[in-house]
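Number of protein chains: 2
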Amino acid sequence: MAAADVERLIRLLAKLPGLGPRSARRAALHMIQRKETVMLPLAEALAQTAESVGVCATCGNVDTVNPCEICADPRRDPAIICVVEQVGDLWALERASAFRGRYHVLGGVLSALDGVSPEDLNIESLIPRAADPAVTEIILATNATVDGQTTAHYITERLEESGVEITRLARGVPVGGELDYLDDGTLVTAFASRKGI
Amino acid sequence: MAAADVERLIRLLAKLPGLGPRSARRAALHMIQRKETVMLPLAEALAQTAESVGVCATCGNVDTVNPCEICADPRRDPAIICVVEQVGDLWALERASAFRGRYHVLGGVLSALDGVSPEDLNIESLIPRAADPAVTEIILATNATVDGQTTAHYITERLEESGVEITRLARGVPVGGELDYLDDGTLVTAFASRKGI
Ligand SMILES: [Zn+2]
Ligand SMILES: [Zn+2]
């Protein structure tokens, strides 16, 4: 049916989250019929982003500079670090303008089921960050899921000796909810009423 | 929040059918974290496909050669031409192995609402194809929607003088249904029991 190049394109598109084989075919066809306006600009943007974007060595955020713009921004409060599971959570909090401190991206959560242990996550580098006297508060903004709360509990124990204040988001976050799916108002409220653990 | 390159990538991804802003963000992040295995291969496949793939001047199919492999295949029956709305419909019929003749892709349907008139579609080039004495049957496989049937009716009138037999797919196609969403069995049955208009 479709030429080999088109089939390879469909196979690659079908691997993206949210796209199955059918929607990948539709997307491929859509692009083939819009080479100049959609397909080539997207090819360019992918190559360009792959070239320019990397992971911040300090916080784990994704950016074109290292340290990332948030870590390097002198207007962001260096005293508060918000720990999130994924970069997508960081993006959600930034979209909501819910927080003006710095971040720490774990890259996942502890999970016995999925075999994710502490050394699989970006936890070790949080210890010296939390021990910095300039840092006064660590907000554990992991998701309100069992794994997210287990991870928060583990990090709390690991940071016990640092003496830093550890808080979690207020219970405005619905049980089982994921940050990335919440509206801005809920995120802002949850930040404003965060409390000590 | 995200760097300019990432935001441009998200904007372009969000334009694809089936992807909204949220899923575009997830797809972008997914790729940034898999540069070598997903992002760069996709960039390459897009550029390569844009370079290699074009539209068949005979039938309107999408392929790396012109005329396309179907038009050039001597094992395909040159006596029967199946008229479809979109390349996606052609792909669906090929996946189902429902048909062994040639195709003619209209590139859409007549629609008073959307302001699509005959000259907007690939209809004019069908007239000489149908007039070829080697062609004995034209199957109008437009969708079983109002616009699809209006378009079939218009083409029937345009081909009246050619004397070619005109058929449509059997009413195995559910009313309001679109070819691309049907299972293979339904497509095969609909082809086998096609009847004269
Ligand atoms: Zn950073
Ligand atoms: Zn062709």
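Heads up: the protein sequence lines correspond to chains A and B, in order.
Using this note's numbering, the final residue of the first sequence is 545, and nothing's skipped along the way.
Using this note's numbering, the final residue of the second sequence is 545, and nothing's skipped along the way.
Ideal placement from N, C-alpha and C gives every residue a C-beta, glycine not left out.
Values in this document were obtained by computation on a predicted structure and should not be read as measured data.
Boundaries for GLU433 (chain B): no alpha helix (DSSP H) harbours it, and the DSSP string shows neither H nor E there. Secondary structure note for VAL494 (chain B): its alpha helix (DSSP H) is the uninterrupted segment 494–506. With respect to chain B, the C-beta atom of VAL432 (chain A) has no partner C-beta closer than 8 Å. Between the C-alpha atoms of GLU392 (chain A) and GLY456 (chain A) there is a straight-line separation of about 30 Å.
At least 8 Å separates the beta-carbon of VAL435 (chain A) from that of LEU458 (chain B).
For ILE486 (chain B), no alpha helix (DSSP H) encloses it; the enclosing beta strand (DSSP E) starts and ends at 485–488. By the Cβ criterion, the region 524–533 of chain B is in contact with the region 489–501 of chain B, since at least three pairs of Cβ atoms, one from each stretch, lie closer than 8 Å.
When DSSP states are grouped into helix, strand and coil, VAL453 (chain B) belongs to the strand group. Counting the other Cβ atoms within 10 Å of the Cβ of LEU438 (chain B) gives 16 or more, which makes it buried. Flagged as an interface residue toward chain B: SER371 (chain A), by a C-beta distance shorter than 8 Å.
At a cut-off of 8 Å between beta carbons, GLY436 (chain A) contacts chain B. Checking the 7 Å criterion, the Cβ of ASN409 (chain B) is within range of a heavy atom belonging to ligand 2. Its chain contains GLU485, ILE486, ILE487, LEU488, ARG542, LYS543, GLY544 and ILE545 as the residues whose beta carbon lies nearer than 8 Å to that of THR515 (chain B), once the 5 sequence neighbours on both sides are disregarded; these appear in chain order. Interface flag for ILE428 (chain A) against chain B is unset, since no Cβ pair is found closer than 8 Å.
In terms of side-chain proximity, the C-beta atom of CYS430 (chain B) is found no nearer than 7 Å to any non-hydrogen atom of ligand 2. Straight-line spacing of the CA atoms in GLU399 (chain B) and ILE358 (chain A) works out to 16 Å.
VAL354 (chain A) is positioned such that its CB atom lies closer than 8 Å to that of VAL410 (chain B). Identification of residues in the region 353–366 of chain B having a C-beta nearer than 8 Å to some C-beta of chain A yields ASP353, VAL354, ARG356, LEU357, LEU360, LEU361, LYS363, LEU364, PRO365 and GLY366, given in sequence order.
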